[in-house]
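Top line first, the protein sequences correspond to chains A and B.
So the first sequence is numbered by the working numbering: it starts at 1 and just counts up by one.
So the second sequence is numbered by the working numbering: it starts at 110 and just counts up by one.
A virtual CB, placed ideally from N, CA and C, is assigned to each residue, including glycine.
A quick write-up on the structure given underneath.
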Amino acid sequence: SQQGEEDPQALSIQEGENATMNCSYKTSINNLQWYRQNSGRGLVHLILIRSNEREKHSGRLRVTLDTSKKSSSLLITASRAADTASYFCATDNDYKLSFGAGTTVTVRA
Amino acid sequence: DGGITQSPKYLFRKEGQNVTLSCEQNLNHDAMYWYRQDPGQGLRLIYYSQIVNDFQKGDIAEGYSVSREKKESFPLTVTSAQKNPTAFYLCASSIVVQGQPQHFGDGTRLSIL
Chain A
1 SQQGEEDPQA LSIQEGENAT MNCSYKTSIN NLQWYRQNSG RGLVHLILIR
51 SNEREKHSGR LRVTLDTSKK SSSLLITASR AADTASYFCA TDNDYKLSFG
101 AGTTVTVRA
Chain B
110 DGGITQSPKY LFRKEGQNVT LSCEQNLNHD AMYWYRQDPG QGLRLIYYSQ
160 IVNDFQKGDI AEGYSVSREK KESFPLTVTS AQKNPTAFYL CASSIVVQGQ
210 PQHFGDGTRL SIL
């Protein structure tokens with residue numbers, strides 16, 4: 001079952017701007033992961049945040065997690081054309097992942 | 110280079126025909142997964158396996174079958190019972206430890222002739 005829901009569904013920004021997308025989920029989780037998918041390709045793991053963590057950074061990525069609100073956000077700073085992709089959150093329970101429908105990000109040059 | 114190889118990249122199925130999608134990994138991962146992705150949607154789990162010779166149904170297993178005879182291989186058969194098989198199919202693998210990322214292949218796009 002799909003537990004995560006991303007918002008917005010689509011996002012268009014200028015190169016150099018920041019992109020923020022949100023993920024809400026329904027039940028308690030062990031951790032939450034973010035993945036990127038380029039058109040016609042498989043998913044690539046970006047970052048994982050555990051349920052006892054509130055914020056995590058990896059390069060130009062910043063992820064936050066608010067377990068009380070059952071939500072997470074992914075921020076991509078100083079976006080580049082190569083960041084154009086779909087981004088998915090996935091909640092991890094019982095060794096299985098449940099994916100949301102994704103946010104499609106377009107970075108305009 | 111370690112990774113997951115899915116083949117073929119494109120596959121066409123005639124009505125009433127079974128087709129098999131290949132997934133091979135050389136990451137030495139115990140767990141493997143099959144997902145279906147429809148346009149504009151997220152991934153839905155079809156089947157998964159955490160050990161050789163054992164597998165479990167996911168959320169949408171009807172009309173699909175799998176086998177896990179080798180650690181490296183997890184083929185998916187789309188049977189004629191699957192009435193709407195047109196989709197993008199993704200295979201993934203991971204180690205069997207809570208909170209580990211999954212590694213994905215580049216998918217097989219299945220269409221109906």
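- Membership of HIS45(A) in the beta strand (DSSP E) is indicated by the continuous run 43–50.
- Per the DSSP secondary-structure output, LEU32(A) pairs in a beta bridge with ILE49(A), THR91(A).
- Residues of chain B whose Cβ lies closer than 9 Å to the Cβ of ARG41(A) are, in chain order, PHE213, ASP215, GLY216.
- Among the CB atoms of chain B, none fall inside 8 Å of the CB of LEU65(A).
- Remark: fewer than three beta-carbon pairs, one from each stretch, lie closer than 8 Å, so the segment 135–143 of chain B and the segment 73–88 of chain A are not flagged as touching.
- Cβ contact annotation for GLN211(B) (same chain, cutoff 6 Å, sequence separation greater than five): ALA201, SER203, in chain order.
- The three-state secondary structure of ALA201(B), taken from DSSP, is strand.
- Taking LEU154(B) as reference, the option from GLN126(B), ILE113(B), GLN165(B), VAL205(B) with the minimal CA-CA separation is GLN165(B).
- Residues of the segment 46–63 of chain A with a C-beta less than 8 Å from any C-beta of chain B: LEU48, ARG50, listed in chain order.
- Residue-level contact by beta carbon fails for ASN22(A) and chain B, as no gap is shorter than 8 Å.
- Under the 8 Å Cβ criterion, the segment 142–159 of chain B does not count as touching the segment 55–65 of chain A, having fewer than three qualifying pairs.
- When Cβ-Cβ separations below 8 Å define contact, LEU152(B) makes contact with chain A.
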